[in-house]
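Colleague:
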Amino acid sequence: MRMTTPILSSVELPAPLPRSFYLQQTLIVARRLLGKTLVRRFPDGTVATGRIVETEAYTADDPACHAFRGKTERNRAMFGPPGHAYIHLNYGLHFCLNAVTAAEGVAEAALIRAIEPLQNASRLFRNYYGEVAAEDAFTPEYLESIARADKRLGAGPGRLSKSLAIDRSFDDTDLAEADSAFFLAEGAEVREEEVVTTTRIGITKGADLPWRFYVQSSGFISRR
DNA sequence: TAGACGATAGCCT
DNA sequence: GGCTATCGTCTAA
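Quick note on our numbering: the first sequence kicks off at 583 and runs consecutively.
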């Protein structure tokens, strides 16, 4: 028996973080994004949420930053106002979601590398794996519980984008606007002793900078 | 306009 | 832990 996907009304949705949040130093923003809530509103009106547990910072004077060599068509969003999304394709396969930081004209961003599914994890599950034949054999509650425990749905920037059905067409989405397809909202505070600060993943330039942050206790980290 | 390579993830051993 | 699919973007010519 198939049950309908739970629909969260807009009344229940948390308010987006103010644009001023993204005007703090990029390293501070990356750190403070830990614990925040990523809210995704799908075209059919259903909503899924996740808790951010891993981020990285990219600054204008950082050789690993896509905008290091100046403005191009690809990185245009990073030069725009803070609080927008910068989404790029990586390795020809995976999309990566960034929150643009710093004042307009200054190209910096925080990469969101991992989330823990919160509400409507089964929707992320479907996005990631496609329609599952065995789905009808389980209760929605059971599907939701296994989906919430599935680390593939959020641990890694490419997996995260696939689960949330986010691609390059969402580049420049306003993350401080409640009507956007997705935005960032307040969440549970992550204590300082819970945060691990380390070097970034998968880059060769600026590889020694400790600009990656993750929640130590989370099981949804892309790489320890 | 060709050539190089990248902010990865999945599969195989 | 190693290998590789796969393609948009940038750079140099």
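Glycine is no exception: its CB is placed at the ideal position from the N, C-alpha and C atoms.
Look up LEU620 in the DSSP assignment and give the residues it is bridged to.
Modeller: Residue 620 sits at position 38 when you count from the first residue of the first sequence. In the DSSP output, where bridge partners are listed per residue, LEU620 has GLY632, LEU766.
Colleague: Check the C-beta distance from ALA696 over to ILE803 and give it rounded, since I have them as a contact under 8 Å.
Modeller: As a first step, residue 696 must be located in the first sequence, where it is residue number 114. As a first step, residue 803 must be located in the first sequence, where it is residue number 221. Going by Cβ atoms, the distance from ALA696 to ILE803 rounds to 6 Å, so yes, they are a contact pair.
Colleague: So what does HIS676 bridge to, in DSSP terms?
Modeller: By 1-based counting over the first sequence, the position of residue 676 is 94. DSSP output for HIS676 lists ASN672 as bridge partner(s).
Colleague: CB-CB under 6 Å to GLN798, same chain, minus the five flanking residues each way: which ones, in chain order?
Modeller: Taking the first residue of the first sequence as 1, we reach residue 798 at position 216. Taken in chain order, the residues that qualify are GLU776, VAL778.
Colleague: Evaluate ILE728 with the Cβ neighbour count: other Cβ atoms within 10 Å of its Cβ, from every protein chain shown; 16 or more gives buried, anything less gives exposed.
Modeller: Numbered from its first residue, the first sequence carries residue 728 at position 146. ILE728 is exposed by the Cβ-count criterion.
Colleague: Just how far apart, CA to CA, sit TYR604 and VAL611?
Modeller: Your numbering for residue 604 matches position 22 in the first sequence. Your numbering for residue 611 matches position 29 in the first sequence. Roughly 6 Å between the two C-alpha positions.
Colleague: Which one or two residues does DSSP pair with ARG794 in a beta bridge?
Modeller: The residue labelled residue 794 in the question sits at position 212 within the first sequence. Bridge partners of ARG794: GLU638, THR780.
Colleague: If you draw a straight line from the C-alpha of SER800 to the C-alpha of ASP732, how long is it?
Modeller: Taking the first sequence and counting its residues from 1, one reaches residue 800 at position 218. Taking the first sequence and counting its residues from 1, one reaches residue 732 at position 150. Using only the alpha carbons, I get a separation of about 13 Å.
Colleague: Would you grab the beta carbon distance between GLY665 and ALA758 for me? Rounded to a whole angstrom, and I think it's under 8 Å.
Modeller: Position 83 of the first sequence holds residue 665. Position 176 of the first sequence holds residue 758. Correct: roughly 4 Å between the Cβ atoms.
Colleague: Under DSSP, the alpha helix (DSSP H) around PHE722 begins and ends at which residues?
Modeller: Mapped onto the first sequence, residue 722 falls at position 140. Position check: residue 722 holds Pro in this sequence, whereas Phe was assumed. Counting along the chain, the alpha helix (DSSP H) containing PRO722 begins and ends at 722–731.
Colleague: On a CA-only basis, which of LEU595, GLU723, GLU594, ARG623 is nearest PHE752? Give me that one, please.
Modeller: Here residue 752 is taken as the residue at index 170 of the first sequence, counted from 1. Selected option, being the one with the closest Cα: ARG623.
Colleague: Taking the C-alpha atoms as reference points, what is the distance between LEU773 and ARG651?
Modeller: Your numbering for residue 773 matches position 191 in the first sequence. Your numbering for residue 651 matches position 69 in the first sequence. Residue identity differs from the one stated: residue 773 is Arg in this sequence, not Leu. Going from the Cα of ARG773 to the Cα of ARG651 covers about 36 Å.
Colleague: Could you please give the first and the last residue of the uninterrupted beta strand (DSSP E) stretch that includes LEU693?
Modeller: Taking the first sequence and counting its residues from 1, the one referred to as residue 693 is at position 111. 690–699 is the span of the beta strand (DSSP E), which, as asked, contains LEU693.
Colleague: Might you give, ordered along the chain, the residues of its own chain that have their beta carbon closer than 7 Å to the beta carbon of ASP754, omitting 5 neighbours on each side?
Modeller: Along the first sequence, read from residue 1 onward, the residue named residue 754 stands at position 172. Contacts found: ALA659, GLY662, HIS666, ALA667.
Colleague: Does the separation of the CB atoms of ALA639 and ILE785 fall below 7 Å?
Modeller: Here the question's residue 639 lines up with position 57 in the first sequence. Here the question's residue 785 lines up with position 203 in the first sequence. Result no, Cβ atoms of ALA639 and ILE785 do not sit closer than 7 Å.
Colleague: Let's see if you can read the secondary structure: which residues bound the alpha helix (DSSP H) around PHE707?
Modeller: The residue labelled residue 707 in the question sits at position 125 within the first sequence. First-last of the alpha helix (DSSP H) with PHE707: 703–711.
Colleague: Per DSSP, VAL682 forms a beta bridge with which residues?
Modeller: In the first sequence, counting from the first residue as 1, residue 682 sits at position 100. ALA691, per the DSSP bridge assignment.
Colleague: What are the start and end residues of the alpha helix (DSSP H) that includes PRO739?
Modeller: Within the first sequence, residue 739 is the residue found at index 157, counting from 1. It spans 739–746 - the alpha helix (DSSP H) in which PRO739 sits, taken as one unbroken run.
Colleague: Please classify THR721: is it buried, with 16 or more other beta-carbons within 10 angstroms of its beta-carbon, or exposed?
Modeller: Numbered from its first residue, the first sequence carries residue 721 at position 139. By the neighbour-count rule (16 or more Cβ atoms within 10 Å), THR721 is not buried but exposed.
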